[in-house]
Amino acid sequence: MEATGLRESIELTAGSSNTIYPDPEQRIARALISEAEDQINILNNEIIRVQRLLDSLEDRRTQEVARLNKLRIVIAPHKTLPPELLSQIFVDCVGGNEVRIPPNKSTAMLWRLGLTCSRWRKISFSESRLWDKFFICGLPPYSKTSEITHYILSQIGNFPINFRIGEYPSQDKTFVLDLFSRYSNRIRGLSFWVANSISKHLYTASYPSNNLESLTMTVFDKIETSQYTPIISALSAHGHLQRLKLMGSLIHGWNHVKFDKIWVDSMSSFWAHLRSLTIGDGAYISHAALATILQHCTRLVYCDAVLVEVNDSYQMPSSSRTMEHLRRFAIDTRCSCATLGSLLDFLICPELKVLDFRTSRTSDNLWPEVNLLNFISRSPGIQVLQFKQFPISDYGFRWLICGLPALVTFDVKTLTPIPETALDTIRRENLVPHLEAMDVWVASSRGISELLESRWPALPGTQGLSNIVIRISAQHYHVEKDQFEALTSHLIKTGRRVQLVVLGDRIW
């Protein structure tokens, strides 16, 4: 019992007492130390045994996970979904955008589709909607850009493609010419910069199987129109070109599209096939030159041009021109009132649906109101009217509305508020019954409120006036603030989209 008591006493006081034990107690302490060391060795051995068991179990688990993943692949969506459905998923997720060469982070996902499995790779490379638009934007050295481009085009299917070539690659004529010559039979759309360094090489190249349908050219530096009209001739030689867009570089000043009249007349078959013509974004044309071109355009559907008063060799045609297929006519006018009026008198557009004047101020601050109203009377099917800074009289406004029975969108920025009498006339006579969207500047809440109330619910057989922008000067708004806020709240509650814009000193 005495030895047992000493063992317990030593255990209890170990590490907390400065007592110096005699030899008998020290022998007992050494025995306790030996026992503790033995226990530690036993536990260490047990830990090693258990760790080996855990490692073995972990290895078995890893094997089972790998086995499970292989088995799941058998019924995985990319193995079981029909190719058509997978293609649609790919298009919905990453389609619709340009394929950038070289790729960046935002377009890298498309390139990773082929890394999932060989089936995904085959489907992704055979889906034309993923690879129909390319943006080549590589910087020097061009050899790398060329290598990537040719590799991708060799892998995908032989379907039509569209190229947009950035500013820098277009300066390397070898790369661009090689691209044209190798893939001219597949290129349907082409957009590139034209500079002095490349223009002469482009129109001397051969395009034996050209199927080009859309061409966009941006003039990079000051070159004469005569330097790129041969390019148009060469690229449209096979009669497939339907869309032509000419732009300029604002950095180097506006570019006057000054086609030689002899060339215009000699290209009558080209103009006859054209369905869309755009001259803008840094480029402009004279009204007489545009009229001369339109004389040859028998199938034109879309026309968008910047008009500037310039002296050139063109004269306005003596007779009017009926554009039977024209659906959209958009003009940014910077010419005189008489010049614009003569162009409006020249055109007859019985099937016109959209009329858009982005800048409705002439160089002499006059407006050909009579010419415009006569033009609209010859185009009764107009559905969208978009004018900016529209200087029209009260009489002209009423006449305008009466002449547009099919109008759906009225987005006309008048220079003065629309009078209440005009809004009352629209309401009483049920004018423009198909109107769905309206953007107006008013002087008070009464006229517009009564008009909108009369169009809710919608007139029989119409969609109803449901998208409204009401503009009011700050002065008038403060007088009728409560009325306008109540009107806005009511319109929102009836499910219509409404925006109230309070105008300051600067209008539009």
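Sequential numbering of the sequence shown, starting at -17, is according to the numbering used here. Even for Gly, the Cβ is constructed at its ideal location relative to N, Cα and C.
Cβ distance (whole Å) where residue i is taken to contact residue j below 8 Å
i, j, result
"Arg82", "Phe107", "That belief does not hold up - the Cβ atoms of Arg82 and Phe107 are roughly 17 Å apart, past 8 Å."
"Ile374", "Leu413", "Actually they do not touch by this definition, with Cβ atoms about 16 Å apart."
"Arg309", "Glu291", "Contact doesn't hold; Cβ gap of about 27 Å is too wide."
"Asp195", "Arg164", "One detail in the question is off: residue 195 reads as Glu in this sequence, not Asp. Not really, about 18 Å apart at Cβ, beyond 8 Å."
"Ala419", "Thr391", "4 Å"
"Thr396", "Trp423", "6 Å"
"Thr398", "His416", "Contact doesn't hold; Cβ gap of about 26 Å is too wide."
"Arg281", "Ala254", "7 Å"
"Leu355", "Gly385", "7 Å"
"Ile30", "Leu68", "No, Ile30 and Leu68 are not in contact; Cβ-Cβ is about 51 Å, not under 8 Å."
"Arg(-11)", "Leu14", "7 Å"
"His278", "Ser250", "5 Å"
Short CB-CB distance (under 8 Å) between residue i and chain B
i, result
"Glu467", "In the structure shown, chain B cannot be found, because there is only a single protein chain."
Bridge partner(s) assigned by DSSP for residue i
i, result
"Cys285", "Leu259 and Phe311"
"Tyr296", "Answer is none; Tyr296 lacks a bridge partner."
"Gly230", "Val201"
"Ala419", "Thr391 and Asn449"
"Thr476", "According to DSSP, Thr476 bridges with nothing at all."
"Val424", "Ile400 and Ile454"
"Val290", "Arg316"
"Arg111", "Bridge partners of Arg111: none, in fact."
"Asn144", "Lys115 and Gly171"
"Asp338", "Ala312 and Gln368"
"Gln481", "Val451"
"Leu(-6)", "Answer is none; Leu(-6) lacks a bridge partner."
"Thr304", "Ile330"
"Ala468", "Paired residue(s): none; Ala468 is not in a bridge."
Where the beta strand (DSSP E) containing residue i begins and where it ends
i, result
"Trp175", "Ile169 to Val176"
"Lys243", "It is not in any beta strand (DSSP E) - Lys243 instead sits in the alpha helix (DSSP H) that spans Lys243 to Ser248."
"Gln70", "Premise fails: Gln70 lies in the alpha helix (DSSP H), Pro65 to Val76, not in any beta strand (DSSP E)."
"Met82", "The displayed chain sequence assigns Arg, not Met, to residue 82. Here the beta strand (DSSP E) through Arg82 covers Val81 to Ile83."
CA-to-CA distance, residue j to residue i, given in whole angstroms
i, j, result
"Ile489", "Leu469", "Low confidence applies here, because Ile489 scores a pLDDT of 43, under 50, leaving its location unreliable; read the following figure in that light. If I take the Cα positions, the gap works out to 23 Å."
"Asp286", "Thr98", "45 Å"
"Ser152", "Pro442", "With a pLDDT of 47 at Ser152, under the threshold of 50, the predicted position of this residue should be treated as unreliable, though the coordinate-derived value follows. The alpha-carbon atoms of Ser152 and Pro442 are separated by roughly 56 Å."
"Val239", "Thr274", "13 Å"
"Asp487", "Thr200", "The pLDDT assigned to Asp487 is 47, lower than 50, so where the model puts this residue is not dependable; a value taken from the coordinates is nonetheless given after this. Whole-angstrom Cα-Cα distance: 37 Å."
"Ile498", "Phe357", "One cannot answer for residue 498 here, as it falls past the ends of the chain, which runs -17 to 490."
"Leu405", "Asp263", "36 Å"
"Leu197", "Phe252", "13 Å"
"Asn449", "Cys331", "28 Å"
"Met(-17)", "Glu28", "The pLDDT assigned to Met(-17) is 43, lower than 50, so where the model puts this residue is not dependable; a value taken from the coordinates is nonetheless given after this. For Met(-17) and Glu28, the distance between alpha carbons rounds to 34 Å."
"Thr260", "Asn144", "18 Å"
"Phe174", "Arg168", "16 Å"
"Cys317", "Gly429", "35 Å"
"His222", "Ile214", "12 Å"
"Ser110", "Ser136", "13 Å"
"Gly(-13)", "Asn0", "19 Å"
"Lys463", "Ser427", "9 Å"
"Lys52", "Lys61", "12 Å"
"Ser455", "Val484", "6 Å"
"Gln21", "Ile2", "26 Å"
"Thr321", "Tyr266", "15 Å"
"Leu289", "Ile400", "28 Å"
"Trp102", "Lys115", "20 Å"
"Gly78", "Arg146", "14 Å"
"Pro64", "Phe162", "36 Å"
"Ser471", "Leu326", "42 Å"
"Asp242", "Gln224", "21 Å"
"Glu435", "Ser361", "29 Å"
Run of the alpha helix (DSSP H) containing residue i, from where it starts to where it stops
i, result
"Ala271", "His269 to His278"
"Gln45", "Asp5 to Val56"
"Asn192", "Taken as a continuous stretch (DSSP letters only), Asn192 belongs to no alpha helix (DSSP H), as it is neither H nor E."
"Val352", "Glu351 to Ser359"
"Arg103", "Ser100 to Ser108"
"Leu382", "Asp376 to Cys384"
Heavy atom of the ligand ZN within 7 Å of residue i beta-carbon
i, result
"Asp376", "This structure lacks the ligand ZN; in fact it carries no ligand of any kind."
Exercise. Between the stretch 39 to 47 and the stretch 65 to 78, do three or more beta carbon pairs fall short of 8 Å?
Worked result: no
Problem set entry | Touching by the beta-carbon criterion (3+ pairs, under 8 Å), the stretch 359 to 370 and the stretch 333 to 342 | yes
For this session: Take every Cβ of the stretch 348 to 357, pair it with every Cβ of the stretch 292 to 308, and state whether three or more of those distances are shorter than 8 Å.
Result: no
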